[in-house]
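Read the structure below first, then the notes.
Numbering (the UniProt record's numbering), first residue to last: 1 to 302.
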C-alpha cells in the first residue's frame with residue numbers, strides 16, 4: 001500500500017487551531033462581503049457548489065446502505081430497490097479487500113452480514129465471492145453476493161439517483177486514484193460525493209479528486225472540528241444528532257463558511273422535525289419514502 005503523504009492531526013494543536021481559525025475568519029469575511037454586495041444571495045452552503053450534493057428541496061434525503069429496511073444492506077438488491085424508489089441519494093460503505101479491491105461492506109468483519117468470518121481486509125475478492133451476503137436478512141435473498149464498487153457504479157450510472165460513498169479505513173494514493181477513475185469513466189462527478197472519518201482520506205481526495213464533493217464524518221463537534229473542516233474545504237460535516245447537540249450554534253457558523261451538516265440515522269417524524277429545526281441539510285434514513293412524504297408536506301418556510 002502506498003504510504004500516506006499527507007497528514008493532519010484529528011485533534012489540532014494550539015498552533016493548528018490558530019492557523020485554521022484565521023483561515024475560517026477569512027472565509028467568513030469573504031462570505032459576508034459577497035452577501036453584502038448581493039441582497040438576493042441566500043446564506044451560502046457548499047452543498048450548492050457541488051453538483052453531487054445540490055438539491056432543490058429544503059434538505060436532502062439519503063437512503064441508508066441502499067434500501068436497507070427492505071433488503072440486505074450494501075447489496076445490489078438493496079441498491080436496486082432504492083433506485084426504484086427514486087431516492088435523492090443512496091449511501092454505500094467501502095472496504096478494501098486483501099488484494100485492494102473496493103467492495104460494499106459496512107463492518108470491518110464479515111460475521112454479521114455474510115456467511116463468512118474474519119476481517120474483510122484479510123480476504124481476497126475471490127474468497128469473498130464464495131460468501132452469501134443475503135440469507136441473514138431473508139431466505140429470498142440467499143446467494144446475494146458482496147458487490148464491488150465497479151458493480152455498484154454500473155447499477156447507479158443509468159439511474160437518476162446520486163450516491164454518498166464512505167471510504168472505510170485508510171486508503172492509499174493508488175486506492176483512491178483507482179476508485180476515482182471508475183467514477184470518472186462513468187461521468188459521475190456531479191452524482192457522487194465521498195465521505196470518511198479518516199482525515200488522510202479526505203486529504204487524498206482533495207489532492208487526487210478535487211472536483212468531487214467531500215463530507216467529513218466526525219464523532220467530535222466544536223470549534224476545532226469546524227476549523228478542521230474549513231481547512232479541508234469539505235462540503236459538509238456528518239455526525240449523529242447527539243454530537244451536533246453539543247453545540248447547536250455552530251451549525252449556523254458552518255453554513256456561513258459554506259459547510260453543510262448531515263445527520264444519521266433518523267427514522268421517525270419526531271427526529272426529522274428536530275433535525276430540521278436545527279437547520280440540518282442532509283438526513284440519512286432507513287425509510288426514505290416516508291421521509292420524502294414528510295418533506296413534501298412541509299410548508300415552504302421549512
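All C-beta atoms, glycine included, are put in the ideal place defined by N, C-alpha and C.
Three-way DSSP call (helix, strand, coil) for residue i in this model
| i | result |
| --- | --- |
| residue 289 | helix |
| residue 166 | strand |
| residue 105 | coil |
| residue 65 | coil |
| residue 251 | helix |
| residue 178 | helix |
| residue 126 | helix |
| residue 226 | helix |
| residue 70 | coil |
| residue 139 | helix |
| residue 155 | helix |
| residue 171 | coil |
| residue 53 | helix |
| residue 295 | helix |
| residue 184 | helix |
| residue 256 | helix |
Whole-angstrom C-beta distance between residue j and residue i, which should lie under 8 Å
| i | j | result |
| --- | --- | --- |
| residue 47 | residue 260 | 4 Å |
| residue 121 | residue 156 | The pair is not a contact, with the Cβ atoms about 24 Å apart (cut-off 8 Å). |
| residue 282 | residue 262 | 4 Å |
| residue 72 | residue 142 | Going by Cβ atoms, the distance from residue 72 to residue 142 rounds to 10 Å, so no, they are not a contact pair. |
Opening and closing residue of the alpha helix (DSSP H) in which residue i lies
| i | result |
| --- | --- |
| residue 242 | 241-244 |
| residue 77 | 76-85 |
| residue 276 | 269-277 |
Residues that DSSP places opposite residue i in a beta bridge
| i | result |
| --- | --- |
| residue 385 | Absent from the model: residue 385. The displayed extent of the chain is 1 to 302, so no value can be given. |
| residue 261 | 237 |
| residue 217 | 238 |
| residue 283 | 61, 263 |
| residue 148 | 103 |
| residue 96 | 102 |
| residue 119 | 109 |
is_contact[residue i, chain D] using C-beta, thresh 8 Å
| i | result |
| --- | --- |
| residue 275 | Of the chains in the structure shown, none is chain D; there is only one protein chain. |
Residue i burial status per 10 Å Cβ neighbour count (16 or more: buried)
| i | result |
| --- | --- |
| residue 75 | buried |
| residue 140 | exposed |
| residue 49 | exposed |
| residue 207 | exposed |
| residue 288 | buried |
| residue 111 | exposed |
| residue 295 | buried |
| residue 123 | buried |
Boundaries (first-last residue) of the beta strand (DSSP E) holding residue i
| i | result |
| --- | --- |
| residue 203 | Residue 203 -> not in any beta strand (DSSP E); alpha helix (DSSP H) instead, spanning 199-208. |
| residue 193 | 192-196 |
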